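Residue numbers (the working numbering): 62 to 334. Backbone N, C-alpha and C fix where the C-beta goes; we use that ideal spot for every residue, glycine too. Keep in mind the model is a prediction, meaning the values are calculated, not measured.
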């Protein structure tokens with residue numbers, strides 16, 4: 062029994078290591094294309110929409126604290142969209158990603174701002190920062206493809222200072238792989254995008270590879286953000302969700318592309334050490 066137990070955990074560990082390696086390989090291949098998506102965001106009204114949102118969220122929690130005095134960690138920066146907006150707003154920014162190719166794109170996209178952003182290669186589930194290092198931890202579109210998202214939340218909580226703020230923007234991106242009604246809604250999104258002549262961000266660039274990974278990570282089959290609120294509550298944070306945030310942040314094209322998977326915001330406060 063003991064040997065079987067050890068074998069089970071070795072198998073799980075190997076599976077999760079494989080998922081991380083596959084994620085790194087997939088996002089390495091997508092780095093240039095995904096960077097182009099971020100550059101389009103930076104070149105449109107999306108830049109100010111998101112920048113204003115981030116400022117408002119942080120200022121609501123730290124109303125009298127100057128931006129430059131706040132240490133902000135962005136987890137899963139990708140091509141650097143949030144890191145750029147946060148630095149433009151005056152925050153002290155550390156931005157991490159699992160994929161070196163994404164970090165290179167982020168540095169290029171940040172341009173003159175890159176010198177004021179600390180870019181680091183790091184696993185979101187195993188941060189190397191000391192406890193209570195940051196006032197704010199923020200992420201977008203990351204937790205859904207982690208093999209251990211609950212471990213990531215524990216790590217993000219650990220590095221938050223008492224009184225710190227966690228902001229996580231995400232969606233039920235691959236629910237259609239596990240739910241027939243979600244599958245039908247996803248297919249309607251594809252048809253509506255095609256009918257309107259809108260560039261469909263769910264087509265091309267080896268999405269079948271990402272679907273294969275999504276089938277093996279836990280959150281694809283779990284309805285969120287209820288799961289997030291439960292996990293964060295168990296970690297001792299005061300958490301709430303804004304499931305309408307997509308209405309003010311997404312472009313018309315995004316609302317058409319992703320109608321069946323609306324973006325939500327999980328907002329959590331660390332009220333104790």
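The beta strand (DSSP E) with residue i in it runs from where to where?
{"i": "residue 225", "result": "221-231"}
{"i": "residue 181", "result": "178-182"}
{"i": "residue 301", "result": "298-303"}
{"i": "residue 330", "result": "325-331"}
Assign residue i to one of two classes, buried (16 or more other C-beta atoms within 10 Å of its C-beta) or exposed (fewer than that).
{"i": "residue 70", "result": "Any reading at residue 70 needs caution, since the residue's pLDDT is 33, under 50, leaving its predicted position unreliable; the model's value is listed next. Exposed: under 16 other Cβ atoms inside 10 Å."}
{"i": "residue 331", "result": "buried"}
{"i": "residue 189", "result": "exposed"}
{"i": "residue 264", "result": "exposed"}
{"i": "residue 23", "result": "Residue 23 lies beyond the residue range present for the chain, which begins at 62 and ends at 334; the question has no answer from this structure."}
{"i": "residue 289", "result": "buried"}
{"i": "residue 295", "result": "exposed"}
{"i": "residue 285", "result": "buried"}
{"i": "residue 273", "result": "exposed"}
{"i": "residue 68", "result": "Its pLDDT being 36, under 50, residue 68 is placed unreliably by the model, and nothing is read from it."}
{"i": "residue 333", "result": "exposed"}
{"i": "residue 216", "result": "buried"}
{"i": "residue 102", "result": "buried"}
How is residue i classed by DSSP in three states: helix, strand or coil?
{"i": "residue 201", "result": "strand"}
{"i": "residue 117", "result": "helix"}
{"i": "residue 293", "result": "helix"}
{"i": "residue 214", "result": "helix"}
{"i": "residue 153", "result": "strand"}
{"i": "residue 131", "result": "coil"}
{"i": "residue 185", "result": "coil"}
{"i": "residue 278", "result": "coil"}
{"i": "residue 136", "result": "strand"}
Given a cut-off of 7 Å on the beta-carbon distance, is the pair residue i and residue j in contact?
{"i": "residue 140", "j": "residue 95", "result": "yes"}
{"i": "residue 301", "j": "residue 328", "result": "yes"}
{"i": "residue 135", "j": "residue 143", "result": "yes"}
{"i": "residue 166", "j": "residue 104", "result": "no"}
{"i": "residue 146", "j": "residue 133", "result": "no"}
{"i": "residue 192", "j": "residue 219", "result": "yes"}
{"i": "residue 185", "j": "residue 151", "result": "no"}
{"i": "residue 98", "j": "residue 206", "result": "no"}
{"i": "residue 89", "j": "residue 234", "result": "no"}
{"i": "residue 280", "j": "residue 303", "result": "no"}
{"i": "residue 310", "j": "residue 121", "result": "no"}
{"i": "residue 314", "j": "residue 259", "result": "yes"}
{"i": "residue 239", "j": "residue 282", "result": "yes"}
{"i": "residue 87", "j": "residue 270", "result": "yes"}
Please look up how many angstroms separate the CB atoms of residue i and residue j, rounded, as I've assumed it's under 8 Å.
{"i": "residue 196", "j": "residue 225", "result": "5 Å"}
{"i": "residue 202", "j": "residue 230", "result": "7 Å"}
{"i": "residue 243", "j": "residue 236", "result": "4 Å"}
{"i": "residue 81", "j": "residue 159", "result": "7 Å"}
{"i": "residue 183", "j": "residue 199", "result": "So it is not a contact: roughly 15 Å between Cβ atoms."}
{"i": "residue 164", "j": "residue 257", "result": "Between residue 257 and residue 164 the Cβ distance is about 35 Å, and since that is not below 8 Å, they are no contact."}
Which residues bound the alpha helix (DSSP H) around residue i?
{"i": "residue 244", "result": "241-257"}
{"i": "residue 269", "result": "268-275"}
{"i": "residue 148", "result": "142-149"}
{"i": "residue 308", "result": "307-310"}
{"i": "residue 318", "result": "313-318"}
{"i": "residue 164", "result": "161-171"}
Kindly indicate if chain D contains any beta-carbon less than 7 Å away from that of residue i.
{"i": "residue 92", "result": "Looking for chain D here will not work: only one protein chain is present."}
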